[in-house]
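Here the structure is laid out as structure tokens; the discussion comes afterwards.
Residue numbers (my numbering): 2 to 284.
As structure tokens, then:
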């Protein structure tokens, strides 16, 4: 059992309503419905006052924050770039504009970085009664999202309407949330009042390809069937974005290269055969 350690570095919450936070979560999920074992991964939610947030895997957060700090030092005339990337199962970042209720889902496929503009409305039902969670008085709420029924616990002590993954909209930080089948769950494992910069996370990766949810669904479904298909995606093309011109990390025209890529990615995709959103709600 993983130990939970909460670190409090702020005074009375009422005095820091515009504070920035780093919230640690553990995600647990069943990769396939018939699976008997769960997978787990640690995530971080970076809350910038009460306006924006980024949710990403812990290992990616570590490399992205180090990368940003190194680039700042280099631009100031000192230091050099030296990075080591930890292993993650997920590689996406979910950025929320809490004021305008907009979400950007950012995901890397091969050498392509996609930024999907989403609108994910959530209707919550707050339930009477409270529960103690890590010395917080947590309120219960339920919602339907992505084809699943969810139960969440949130705390008014941190009056920011955010939480893990795409969840948002409650009058306080979500500290725990799980779906009715028990196949997915997030729980807060740490909370500190601090500001962390990951603004240079995409340095060297090129500009994200900005698309809408409909286009992303098309790309993702095609990727699941044939992962190497994404090698030929270009933002502008006479074929709706698809072309055969791409040469990164190997020759995509080489059948052996594509077969090897497809095999590795299909093995990785088994981690998500039981998706968190079987029926996507975002538009």
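Cβ atoms here follow ideal geometry from the backbone N, Cα and C, with glycine treated the same way. Note that the coordinates shown come from a computational prediction; the quantities given were computed from them, not determined experimentally.
Let me know the secondary structure DSSP gives residue i once reduced to three states.
i	result
residue 91	coil
residue 140	strand
residue 231	helix
residue 221	helix
residue 14	The pLDDT assigned to residue 14 is 44, lower than 50, so where the model puts this residue is not dependable, and the model offers no usable value.
residue 255	coil
residue 116	strand
residue 284	coil
residue 262	helix
residue 129	strand
residue 273	helix
residue 202	coil
residue 212	strand
residue 166	coil
residue 185	strand
residue 39	coil
residue 75	helix
residue 51	coil
residue 21	coil
residue 97	strand
residue 105	strand
To the nearest angstrom, report how far apart residue i and residue j are at their CA atoms.
i	j	result
residue 176	residue 134	8 Å
residue 154	residue 179	9 Å
residue 152	residue 189	14 Å
residue 214	residue 118	7 Å
residue 240	residue 141	No answer about residue 240 holds up, because its pLDDT of 42 lies below 50 and its placement is not dependable.
residue 277	residue 147	7 Å
residue 145	residue 274	20 Å
residue 36	residue 101	38 Å
residue 125	residue 173	12 Å
residue 254	residue 91	27 Å
residue 232	residue 137	47 Å
residue 271	residue 264	11 Å
residue 220	residue 77	40 Å
residue 218	residue 121	15 Å
residue 41	residue 161	26 Å
residue 57	residue 198	13 Å
residue 216	residue 284	11 Å
residue 156	residue 234	43 Å
residue 73	residue 47	19 Å
residue 182	residue 67	38 Å
residue 196	residue 50	9 Å
residue 32	residue 123	25 Å
Since residue i contacts residue j with CB under 8 Å, what's their CB separation in whole angstroms?
i	j	result
residue 192	residue 24	5 Å
residue 95	residue 106	6 Å
residue 114	residue 209	5 Å
residue 20	residue 194	5 Å
Below 6 Å CB to CB, which residues in the same chain sit around residue i once its five sequence neighbours on both sides are set aside?
i	result
residue 266	228
residue 202	65
residue 187	26, 28, 165 and 178
residue 211	116
residue 230	223
residue 149	180
Residues in its own chain within less than 7 Å of residue i by CB, not counting five upstream and five downstream?
i	result
residue 97	53, 54, 104, 163 and 169
residue 200	69
residue 93	106, 107 and 108
Taking 8 Å as the line, does the beta carbon of residue i fall inside it for any heavy atom of the ligand GDP?
i	result
residue 92	The ligand GDP is absent from the structure shown, which contains no ligands of any kind.
Using a Cβ-Cβ cutoff of less than 8 Å, which residues in the same chain neighbour residue i once the five nearest sequence positions on both sides are dropped?
i	result
residue 280	147 and 148
residue 159	14, 22, 173, 174 and 192
Query raised in the report: Pairing CB atoms from the region 218 to 226 with CB atoms from the region 121 to 137, are three or more of them under 8 Å?
Result: No, because fewer than three Cβ pairs between the region 218 to 226 and the region 121 to 137 fall closer than 8 Å, the two stretches do not touch.
Requested in this report: State whether the region 22 to 31 contacts the region 255 to 262, with contact taken as three or more CB pairs (one from each stretch) at a distance under 8 Å.
Outcome: Remark: fewer than three beta-carbon pairs, one from each stretch, lie closer than 8 Å, so the region 22 to 31 and the region 255 to 262 are not flagged as touching.
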